[in-house]
Amino acid sequence: MPPKRKAASSAEGSNKTGKESANSTPGTPRNVDDDDDDDYISPDTEEESETVKNAKSNLTVAKYQKKRSTTGRDSASHHFDSGNTDFSYLALKPDHDNRPLWIDPLKGRIIVESFSPLASQAQDFLTTVAEPQSRPQYLHEYSLTPHSLYAAVSVGLEPKDIINVLNRLSKVPVPPSIRDFITGCTHSYGKVKLVLKNTKHYVESTDPEMLQRLLKDDVIGPLRVHGTEDITTTSAPKMGALVIPGTKNAAGVNQTTDQAKKPQDGENANQEDIFATLNEDDDDEEVDAVHSFEIADDGVETIQKRCLELGLPVLEEYDFRNDDANATLDIDLRPAAQIRDYQEKSLSKMFGNGRAKSGLIVLPCGAGKTLVGITAACTIKKGVVVLCTSSMSVVQWRQEFLKWSNINPNDVAVFTSDNKDRFSGNTGIIVTTYNMVAQQGKRSYDSQKMMDFLTNREWGLMILDEVHVAPAHMFRRVTSIIKVHSKLGLTATLLREDDKISDLNFLIGPKLYEANWMELAEQGHIARVQCAEVWCPMTTEFYSEYLQQSSRIQSLLWIMNPRKFQACQFLIDYHEKRGDKIIVFSDNVYALQMYAHKLQKVLIYGGTGNAERLQILENFQHNPNINTLFLSKIGDTSLDLPEATCLIQISSHFGSRRQEAQRLGRILRAKRRNDEGFNAFFYSLVSKDTQEMVYSSKRQAFLVDQGYAFKVITHLQGLDSLPGLAFTTALERRELLQNVMLHASIPDVNDYEDGDDLFHRVDKQGGPKRGKKKAGARRTAGTLSELAGGQDMAYVEQNKSKNKELKKKKESNPFFRKLQREQAKRKLTAEEGSAR
36 MPPKRKAASS AEGSNKTGKE SANSTPGTPR NVDDDDDDDY ISPDTEEESE TVKNAKSNLT
96 VAKYQKKRST TGRDSASHHF DSGNTDFSYL ALKPDHDNRP LWIDPLKGRI IVESFSPLAS
156 QAQDFLTTVA EPQSRPQYLH EYSLTPHSLY AAVSVGLEPK DIINVLNRLS KVPVPPSIRD
216 FITGCTHSYG KVKLVLKNTK HYVESTDPEM LQRLLKDDVI GPLRVHGTED ITTTSAPKMG
276 ALVIPGTKNA AGVNQTTDQA KKPQDGENAN QEDIFATLNE DDDDEEVDAV HSFEIADDGV
336 ETIQKRCLEL GLPVLEEYDF RNDDANATLD IDLRPAAQIR DYQEKSLSKM FGNGRAKSGL
396 IVLPCGAGKT LVGITAACTI KKGVVVLCTS SMSVVQWRQE FLKWSNINPN DVAVFTSDNK
456 DRFSGNTGII VTTYNMVAQQ GKRSYDSQKM MDFLTNREWG LMILDEVHVA PAHMFRRVTS
516 IIKVHSKLGL TATLLREDDK ISDLNFLIGP KLYEANWMEL AEQGHIARVQ CAEVWCPMTT
576 EFYSEYLQQS SRIQSLLWIM NPRKFQACQF LIDYHEKRGD KIIVFSDNVY ALQMYAHKLQ
636 KVLIYGGTGN AERLQILENF QHNPNINTLF LSKIGDTSLD LPEATCLIQI SSHFGSRRQE
696 AQRLGRILRA KRRNDEGFNA FFYSLVSKDT QEMVYSSKRQ AFLVDQGYAF KVITHLQGLD
756 SLPGLAFTTA LERRELLQNV MLHASIPDVN DYEDGDDLFH RVDKQGGPKR GKKKAGARRT
816 AGTLSELAGG QDMAYVEQNK SKNKELKKKK ESNPFFRKLQ REQAKRKLTA EEGSAR
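For the sequence shown, the residue numbers in our numbering are 36 to 871.
Shown next, in the form of structure tokens:
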């Protein structure tokens, strides 16, 4: 068996945007039919793109890099002249063996030895000040970015603190370019804040000179509210008595631990919190004062845009404890609910100084993102708007609010195409979808009344679930329509193939926290998954046809490869005997139906009705005879099946890293079985020597960066001896090839569904689809001799769908039921007479 391999990294193009990024990733096809892999795609306006691009270009590490003169040369110096990558001037410290990290002065990358005794403290610190890029087993890579430093400043870290800790942990002195970069970013980021107090917007800063500079600006100056000529000065907010619900402090656990003995001098004093307060002299300083001036409500977006152009991005904070204008929501976590340590850490980044900061929290699937959002709502205790990707997600969010909190069910309202309810009290929670809020054009009467209800009041918190799916302009529209004080974006995969994720840092807020997938798996919070790539050789018939066809038909041939079908059949049989629940994913609907019908398994795709979907999922979860479910791309998200322990992927969307991670998330829920090293299995079936192998390598990049290793399987032991193995003869493989080529010859056929979700099919107008799409008629020409077997044409018995066996029989007419009873009585009488 070949050794484990890693996917090619795509980090080199992470700083590029737009078309540059698209061209830098050759593994992803670019054509008129499929520009990228994400739904809700819509380009930004030229003005918005230019503003964001200019702001990004002004804040890079390379800007602070100074040209160095080479003082000495050796036999290797000529290798580093052109790229300016000679770092020999960074002398190692005498005790560098005891220090865990090294800093790249050119790109701001930080390499951490995860096996170092100080690795845990270093990783906690770097999670606050840097972006995690790659975290395999032994070496972790982080990157210093303006946005990560933005988030560090928002939780109270000073530039001297950041540089001091990096210097203590680094094997070499912190390079001057890194010092200048940290100082430059922290000088601009977080210095200007936008705060809502008593329904009024204030521009706030600790530096009065900076406010004077903004007031002198031709754009910002006129937006100041008339009659407020003086700059107001108040005390800076502190954490004070704010306690996040669900933590140990909230449960009163720390009341006894406060009196515990202090750590002794030596190792405990230094390792407990290496990056806490570094300068003890600062403890005696007076509380900082903040200065502010009031601005008009309609000028908020203009000021944000202008500050971005000036290199002073605005930090949004919500002083919810001093907000007396908006009604307080009666909500708290249930007494038995206690959040996990990583959830508490993510929320502490959001409420670090007693105010609610807008930003993004990244947690893997199954790690409790929903509970994080609910805990944030319980902390703010104001009106909440939750935006989801589907109507079923709306139902799940409402159920989770009722499960984890003590809120009155009447205070949690749902706004979908089928439900348009309001909460009963003065304030409450509205759960809706992106489509319902962002939809333009004429609405129904009830829908318009609900939108007026949303837009004519203030909300304390907006939770954006699966925040990666929406483009920049949709966020602008949603946040401009709904007046909200703070925004929290939740996702498991903060990446897009069109590289628009970086725009969220400007439009919503910085990334506040990102969890380590491998660390959570080791702690048992998510499943331990064994990832494997199964190489399936192409048969002679299929490969010879593959070499002659266009790219569209080639993709169909590598999906329908008989060897891949046999591997899928073998893995299903193996894992069903182990007692596993199996999900088989296929983007191609034709292949999905062929596989499911041939193997007599249930399937769900876009044409499956909602009632039938729910029935199939219920049987998959509770029926011991239904252990395998075939799913199209509609199951990538909004699918919660904790029972699933095995996932097989036979068809995917080219090189989409996000889809690979989302599908892995379907089996990441913590499992009940802990009797072996791995308790979940992820197989990706790939046809060997085809373009599919290139796409597969690119798809794995994100999971490899999270620490997953893909084992390559070239041969499945016992495959050939499997009873009932399909396509073992040349005749069967030839008939399959003819079927595939016949399907490929149909003009304008689309085997790939639009990006709807598992429980909510949406048409172009934003309303739910009704019924199934009828199959079009197809006319073919032939002769009578062909019907007798000429030219390999024959009558074929079509496979029966397994879904029909799960449908309940409809009640027959009373007249026919009476006939059946009479017939049963006559049969019983005849049997009794013959017995005598």
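Don't be surprised by glycine CBs; every beta carbon is placed ideally from N, CA and C. The structure presented is a predicted model; accordingly, all values stated were derived computationally and were not measured.
C-alpha of Leu652 to C-alpha of Met427: approximately 13 Å in a straight line.
Around the CB of Pro210, 16 or more other CB atoms lie within 10 Å, so the residue is classed as buried. Judged by their CB atoms, Ala631 and Phe665 are nearer to each other than the 7 Å cut-off. Nearest C-alpha to Asn357 among His520, Ser586, Leu368, Lys535: His520. DSSP places Met553 in the helix class (H, G or I) of the three-state scheme. Beta-bridge partners assigned by DSSP to Pro167: Tyr177. By the criterion of a C-beta distance shorter than 7 Å, Met486 is surrounded in its chain by Arg478, once the five residues flanking it on both sides are discounted. A Cβ-Cβ contact shorter than 7 Å links Ser212 with Pro140.
Burial state of Asp453 is exposed, judged by a 10 Å Cβ sphere holding fewer than 16 other Cβ atoms.
Contact check for Tyr377 and Leu555: beta-carbon distance about 7 Å, within the 8 Å limit, so the pair qualifies.
Taking Ala646 as the centre and dropping the five residues before and after it, the same chain places no C-beta closer than 8 Å to its C-beta. When C-alpha distances from Gln158 are compared across Arg861, Gly408, Leu777, Ala550, the shortest belongs to Ala550. Gln858: member of the alpha helix (DSSP H) spanning 849-870, first to last residue.
When secondary structure is reduced to three states using DSSP, Ile415 falls in the helix class. Along the segment 313-383, the beta strand (DSSP E) occurs as fully enclosed runs of 3 or more residues at 324-330, 350-353, listed in sequence order. Annotation: the segment 486-521 contains the following complete segments of the alpha helix (DSSP H) (minimum length 4 residues), in chain order: 507-516. Of the residues Lys417, Gly191, Leu863, Pro849, the one whose Cα lies closest to the Cα of Gly387 is Gly191. It is roughly 24 Å from the alpha-carbon of Pro181 to the alpha-carbon of Trp552. In this structure, Leu343 is the residue among Leu343, Ile279, Ser151, Ile217 with its C-alpha nearest to the C-alpha of Leu229.
Contact between Ile702 and Val564 is confirmed by a C-beta separation of about 7 Å, below the 8 Å threshold. A distance below 7 Å between beta-carbons, with the five flanking residues on each side excluded, links Val429 to the following residues of its chain, in chain order: Cys423, Val449, Thr451, Val466, Thr467, Thr468.
Contact holds between the segment 590-610 and the segment 744-762, because three or more Cβ pairs, one in each stretch, are under 8 Å apart.
By the C-beta density criterion, Phe150 is exposed, having fewer than 16 other C-beta atoms within 10 angstroms. Put simply, the backbone Cα of His778 is about 24 Å away from that of Ile683. Under DSSP, Lys616 shares a beta bridge with Ala679.
For Lys633, the uninterrupted alpha helix (DSSP H) run begins and ends at 624-634, by DSSP.
Between Trp439 and Ala372, the CB-CB gap stays under 7 Å. Annotated three-state conformation of Tyr548 is strand, per DSSP. Beta-bridge partners of Ala567 (DSSP): Tyr718, Lys746.
Around Phe488, the same chain offers Arg457 as residues with beta carbons nearer than 7 Å, after the five sequence neighbours per side are excluded. In the DSSP annotation of this structure, Tyr124 is not part of any beta strand (DSSP E), being labelled neither H nor E. The three-state secondary structure of Thr574, taken from DSSP, is coil.
Under DSSP, Ile145 shares a beta bridge with Ile138, Tyr177. Comparing alpha-carbon positions, the option among Glu532, Leu184, Thr162, Pro208 lying closest to Tyr177 turns out to be Thr162. Secondary structure note for His236: its beta strand (DSSP E) is the uninterrupted segment 235-240.
Glu352 and Arg390 do touch by the CB rule: their CB atoms are close to 4 Å apart, below 8 Å.
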